[in-house]
Ligand SMILES: Cc1cc2nc3c(=O)[nH]c(=O)nc-3n(C[C@H](O)[C@H](O)[C@H](O)COP(=O)(O)OP(=O)(O)OC[C@H]3O[C@@H](n4cnc5c(N)ncnc54)[C@H](O)[C@@H]3O)c2cc1C
Ligand code: SF4
């Protein structure tokens with residue numbers, strides 16, 4: 027006899043296909059393979075859940091798909107019904123049904139509300155005007171982008187935009203607005219930036235850094251009115267206090283999307299949010315609320331990690347693991363994802379005196395601020411703030427989270443054992459196995475290391491795909507990398523030195539891949555050979571690789587360049603820039619000297635002669651750069667690439683032209699060499715020198731390549747440098763004629779560019795090269811690898827393609843877009859203060 031068994035599937039409806047709603051599904055799938063449940067998830071947005079934390083990356087590539095948490099097929103593959111573009115309008119608790127905008131009804135056994143939050147838009151007169159945006163969804167960003175393009179069109183003056191709110195998100199939005207070519211003005215009600223995470227001193231340091239990026243900051247401003255008829259034209263704070271802006275991005279906090287709770291009388295907080303207990307149940311035990319809509323312990327947690335923990339708890343509760351509840355201590359540590367500014371706060375950043383004491387380290391010349399809060403008995407790190415350098419964030423965070431022991435002299439944590447501003451820690455391996463390294467995905471140190479020692483993971487990518495560590499906010503990445511490397515080393519396994527976790531290749535491999543496959547740009551490289559969205563490590567490395575292969579200038583692929591390269595100038599401590607024109611071989615005519623002086627006077631710049639025989643003009647504001655370049659170019663100058671990892675200078679002595687000891691014309695040859703390699707980008711900066719005799723007045727042996735005139739030709743020295751770890755260049759070949767010098771230099775430089783790691787200068791490169799200088803001689807002089815012709819013709823190809831990037835930037839309207847709004851502007855940065863010094867000026871010291 028057959029017994030027919032009916033399996034009654036329990037229905038779970040998830041309302042909200044955002045980050046946390048998706049995570050609920052993912053966790054459900056991983057906990058419950060043979061499900062007796064059927065999940066239907068509704069999303070009001072038109073697309074499947076995407077990574078909101080990395081939303082700003084949409085501005086870089088416009089690729090919404092790249093942000094998806096999982097493709098539609100993932101839901102299908104796991105038997106989950108995904109319905110997008112449809113909003114739930116009502117909950118009928120008595121019949122356990124919900125209604126959608128299309129008036130469809132669905133029954134549930136369990137209902138999970140993951141409706142997130144909406145940006146809070148303050149009730150300011152005129153806030154509904156055209157040109158006012160919020161910053162939450164891909165559609166918001168599309169709107170901002172289109173509007174910014176429209177208001178910038180056919181304009182050569184400054185186009186200003188305001189960002190209402192100087193918190194984490196506001197600053198992220200301000201940076202995005204700046205990258206769009208608008209002048210951002212952050213307007214904050216509180217007297218300091220990031221008021222919830224930073225103390226006043228830290229906030230001041232942050233403000234200086236933010237302003238140095240060209241982001242204007244207006245503190246203690248209550249906006250009365252958004253000005254304009256139909257379209258925004260400005261913001262008014264007081265009768266005589268206004269700014270003209272043509273766009274406004276509101277980033278003034280969030281409000282939970284709790285409107286559904288009202289339709290079915292679930293308990294809500296006084297200021298919104300659906301009240302839940304530690305099991306994430308609302309006042310109806312069949313209805314859960316998770317993520318930014320849930321009011322737990324009277325708090326809305328506006329971060330993704332607590333949302334993921336809530337999803338985990340709700341999954342467990344529904345599956346009957348009722349012991350799994352929310353932890354009382356929810357970690358609110360955060361790190362700002364703003365290119366060029368390191369800011370982090372963890373634990374209790376401000377701490378009441380009754381709990382302990384604080385130690386503060388501040389270095390105003392370096393824009394550094396570090397604060398640690400220590401318990402009264404000196405044994406525990408309770409929290410802190412890091413600005414300017416957040417490299418220690420992960421370690422501090424771990425010490426705080428796991429109550430790890432701290433040094434007896436707690437200040438060593440921030441000023442280093444020898445008072446050098448460093449830090450004193452043991453290895454990451456000293457952290458206990460139970461320590462949670464990735465808060466978003468709740469991955470412990472033990473899980474990361476065991477994935478290698480007991481699992482089949484062999485590298486970072488394997489560990490990430492196995493454990494999901496780093497895939498949330500990404501703040502734990504540096505520590506995960508260290509743990510993976512240390513674990514691999516402890517097993518005697520090879521640690522592959524990849525560029526970063528987005529590319530499983532080292533620089534040399536990437537160079538070859540890009541060249542062989544004729545890859546056109548960063549996004550294509552990421553698609554073909556990388557994963558994820560890229561980071562601030564791989565982007566400049568790739569920019570340098572593209573430049574070294576195709577001689578493209580920093581005006582192309584601007585978004586992946588280092589800050590100095592983006593603006594083709596060196597940013598200085600008060601946020602102004604220095605301008606260094608090329609002076610090949612250090613030879614300069616009186617007319618050109620006069621032109622430099624005139625330009626310096628016109629723009630009131632401080633002038634100084636550099637060690638590389640050039641003249642540095644300091645104190646230029648960003649909007650002045652194209653104007654200064656124009657004057658210099660008219661006078662016959664070019665960019666000196668003082669900002670780039672590129673050839674800087676070829677220094678020379680006066681040689682046989684003037685010096686009675688001179689054996690050859692060192693100036694002529696230095697000029698020829700500098701002109702040949704100008705604009706050449708390399709793994710690190712390159713410097714050369716040419717001396718007319720062994721007295722070595724050009725200090726050629728302190729350079730990456732140096733030539734010294736001797737009887738019968740030039741002696742060629744390579745791989746030296748000055749700086750913090752000086753190295754004398756080593757003799758490579760003797761008594762060379764001019765042509766052979768150039769031939770060897772072409773080969774040597776090209777070989778270095780092809781094979782060195784990122785930011786490795788020639789001296790450490792040679793130290794690591796198997797076979798050292800003798801091997802290099804075989805490759806370069808004897809052509810042991812048979813690549814000499816190729817190296818020479820590659821170099822010639824680059825030399826032929828040289829263009830001055832300043833000239834390019836001011837002449838090509840597309841390339842000059844990022845500067846256009848500064849050109850012709852009468853605006854100056856009012857916050858800049860200079861004081862006189864020896865008949866010139868200098869930045870006013872901080873008080
Ligand atoms: C630009 C930006 C940067 C951020 N950076 C960080 C960061 O660095 N670190 C960090 O921890 N957090 C960050 N956050 C916050 C983080 O994104 C949120 O904490 C997280 O997205 C919350 O997830 P959620 O699922 O609760 O809400 P959401 O991601 O907002 O998802 C809720 C979804 O529900 C939908 N919905 C609402 N009501 C209904 C309805 N009635 N019917 C159907 N669907 C509905 C909404 O349309 C939305 O798609 C950032 C947020 C933004 C906007
Ligand atoms: S290196 Fe020799 S040639 Fe050059 S300036 Fe010095 S002494 Fe004169």
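In the numbering used here, the protein residues as written are 27 to 873.
Ideal Cβ placement from N, Cα and C applies to all residues, glycine included.
The structure presented is a predicted model; accordingly, all values stated were derived computationally and were not measured.
Assuming residue 395 is part of the beta strand (DSSP E), what are its boundary residues? Following the DSSP letters along the chain, one finds residue 395 inside the beta strand (DSSP E) bounded by residues 394-401.
Measuring only the C-alpha atoms, how far is residue 574 from residue 824? So the alpha carbons of these two residues sit roughly 8 angstroms apart.
Tell me whether residue 642 sits in a helix, a strand or coil according to DSSP, three-state version. In the structure shown, residue 642 adopts extended strand secondary structure according to DSSP, grouped into three states.
Residues near ligand 2, criterion Cβ-heavy atom distance below 6 angstroms: Qualifying residues come out as 679, 680, 681, 685, 687, 688, 692, 717, 718, 719, 721, 722 and 723.
Just to check, is the beta-carbon of residue 339 closer than 7 angstroms to a non-hydrogen atom of ligand 1? Result no, Cβ not under 7 angstroms from ligand 1.
Outcome for residue 793 when other beta-carbon atoms lying within 10 angstroms are tallied against a minimum of 16: Of the other Cβ atoms in all chains shown, fewer than 16 fall within 10 Å of the Cβ of residue 793; this residue is therefore exposed.
For residue 511, which three-state DSSP category applies? Reduced to three states, the DSSP call for residue 511 is helix.
Report yes if the CB atom of residue 244 is closer than 8 angstroms to the CB atom of residue 213, and no otherwise. It is a contact, given that the beta carbons lie within the stated cut-off.
Would you mind reading off the limits of the beta strand (DSSP E) that contains residue 211? Counting along the chain, the beta strand (DSSP E) containing residue 211 begins and ends at 209-213.
Under three-state DSSP, which class holds residue 120? In the structure shown, residue 120 sits in coil (DSSP, three-state: anything other than H, G, I, E or B).
For residue 448, three-class secondary structure by DSSP: Because residue 448 sits at a pLDDT of 39, beneath the cut-off of 50, its placement in the model cannot be relied upon, and the following sentence gives the value as read from the coordinates. Reduced to three states, the DSSP call for residue 448 is coil.
Does any heavy atom of ligand 1 sit closer than 7 angstroms to the C-beta of residue 200? Annotation for residue 200 indicates a beta carbon at 7 angstroms or more from all heavy atoms of ligand 1.
Would you say the beta carbon of residue 45 is closer than 7 angstroms to some non-hydrogen atom of ligand 1? Within the cutoff, so yes.
Taking C-beta to C-beta, are residue 321 and residue 301 nearer than 8 angstroms? Yes.
On the CB-based measure, 16 or more other CB atoms within 10 Å of its CB, does residue 832 come out buried or exposed? Under this definition residue 832 is a buried residue.
Nearer than 7 angstroms: is that true of the beta carbon of residue 516 relative to any heavy atom of ligand 1? Answer for residue 516: no, Cβ out of range of ligand 1.
Is residue 82 a contact residue of ligand 1, with contact defined as CB to any heavy atom under 7 angstroms? A heavy atom of ligand 1 is found nearer than 7 angstroms to the CB of residue 82.
Can you give me the Cβ contacts of residue 394 inside the same chain, cut-off strictly under 8 angstroms, excluding the 5 residues immediately before and after it? Cβ within range, chain order: 231, 387, 388, 413, 414, 415 and 447.
Determine the extent of the beta strand (DSSP E) in which residue 633 is found, giving its start and end residues. Annotation for residue 633: the continuous beta strand (DSSP E) segment containing it runs 632-635.
Residue 563 to residue 505, Cα distance in whole Å? Spanning the two alpha carbons is a distance of roughly 15 angstroms.
Out of 164, 757 and 204, which one is the CA nearest neighbour of residue 174? Nearest to residue 174 by C-alpha distance, out of 164, 757 and 204, is 204.
Leaving aside the five residues before and after residue 299 along the sequence, list all residues of the same chain whose C-beta is less than 7 angstroms from its C-beta, in chain order. Here the set comprises 282, 284, 319, 320, 321 and 326.
Residue 704 to residue 829, Cα distance in whole Å? Just so you know, the alpha carbons of residue 704 and residue 829 end up roughly 9 angstroms apart.
If you reduce the DSSP assignment to three classes, tell me which class residue 48 lands in. Correct three-state label for residue 48: helix.
To the nearest whole angstrom, what separates the beta carbons of residue 305 and residue 343, a pair I think is in contact under 8 angstroms? The beta-carbon distance between residue 305 and residue 343, rounded to whole angstroms, is 5 angstroms. This is short enough to meet the 8 angstroms contact definition.
Of the choices 105, 636, 141 and 801, whose alpha-carbon is the least far from that of residue 314? If we check each option's Cα against that of residue 314, 141 comes out closest.
Cutoff 7 angstroms; reference residue 868; Cβ partners in own chain excluding five residues on either side: When the five nearest sequence neighbours on each side are left out, the beta carbons in the same chain lying within less than 7 angstroms of the beta carbon of residue 868 are those of 632, 860 and 861, in order along the chain.
Beta-carbon within less than 6 angstroms of residue 779's beta-carbon, same chain only, minus the 5 sequence neighbours each way: which residues are those? Answer for residue 779: 574 and 708, listed in chain order.
Cβ-heavy atom distance between residue 157 and ligand 1 below 7 angstroms? Within 7 angstroms of the C-beta of residue 157 there is not a single heavy atom belonging to ligand 1.
Where do the N-terminal and C-terminal ends of the alpha helix (DSSP H) with residue 476 fall, by residue? DSSP places residue 476 inside the alpha helix (DSSP H), whose first and last residues are 471-479.
Please go through the segment 748-796 and give each complete beta strand (DSSP E) segment of 3 or more residues, from N-terminal end onward. Correct list: 756-762.
Buried or exposed for residue 242, going by 16 or more other Cβ atoms inside 10 Å? So residue 242 ends up on the buried side.
Output the boundary residues of the beta strand (DSSP E) element that contains residue 245. Where residue 245 is concerned, there is no enclosing beta strand (DSSP E), given that its DSSP letter is neither H nor E.
If we count Cβ pairs, one from each stretch, closer than 8 angstroms, do we get three or more for the segment 330-343 versus the segment 120-133? No, the segment 330-343 is not in contact with the segment 120-133.
Going by C-alpha distance, which of 766, 279, 741 and 410 is nearest residue 196? Ranked by Cα distance from residue 196, the first of 766, 279, 741 and 410 is 279.
Can you list, in chain order, the stretches of the alpha helix (DSSP H) that have 4 or more residues and sit fully within the segment 276-362? Within the segment 276-362, the complete alpha helix (DSSP H) runs of at least 4 residues are 285-289 and 330-344.
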